[in-house]
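Okay, structure first, notes after.
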Amino acid sequence: SMSRRGNCWDNAPMERFFRSLKSEWIPGTGFHSFTEAKQTVLDYILGYYSQVRSHSHNHGLTPNQAERLYWINSKPVAKMT
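The structure is reproduced here in C-alpha cells:
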C-alpha cells in the first residue's frame, strides 16, 4: 500500500487490521461467492473485531469497551440549555 511521501506510518493501523482479518478470519480456500465473503467480513468487523477481540493498544480492552470507557470518562465542554 502507499502512504504519503515521508510518512511511512500513515497506513499502519489499516495494515494491521487487514493482517488480522486475513490471518484470523478468512479461510485458506477462499469464498464461494461475493455474498459469502461480504457477510463473513461484516461478521468479523462487527461481531468479533469490535466486540470480542482485545487490543494491546487499548490495554486489553475491545474497541467497543475502550470507546465506552472514553465517553464515560470524558467531561462535557458546555451545557446545552
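Heads up: take any position in the sequence shown, counting from 1, add 123, and you land on the numbering used here. Beta carbons: idealized from backbone N, C-alpha and C, even for Gly.
In this structure, the CA atom of Asn196 is about 42 Å from the CA atom of Phe154. The three-state secondary structure of His180, taken from DSSP, is helix.
Rounded to whole angstroms, the separation of the alpha carbons of Ala189 and His178 is 9 Å. Counting the other CB atoms within 10 Å of its CB gives Tyr193 a total below 16, which places it among the exposed residues. Sequence-distant Cβ neighbours of Asn187 in its own chain, meaning closer than 7 Å and more than five residues away, are Ser173 and Gln174.
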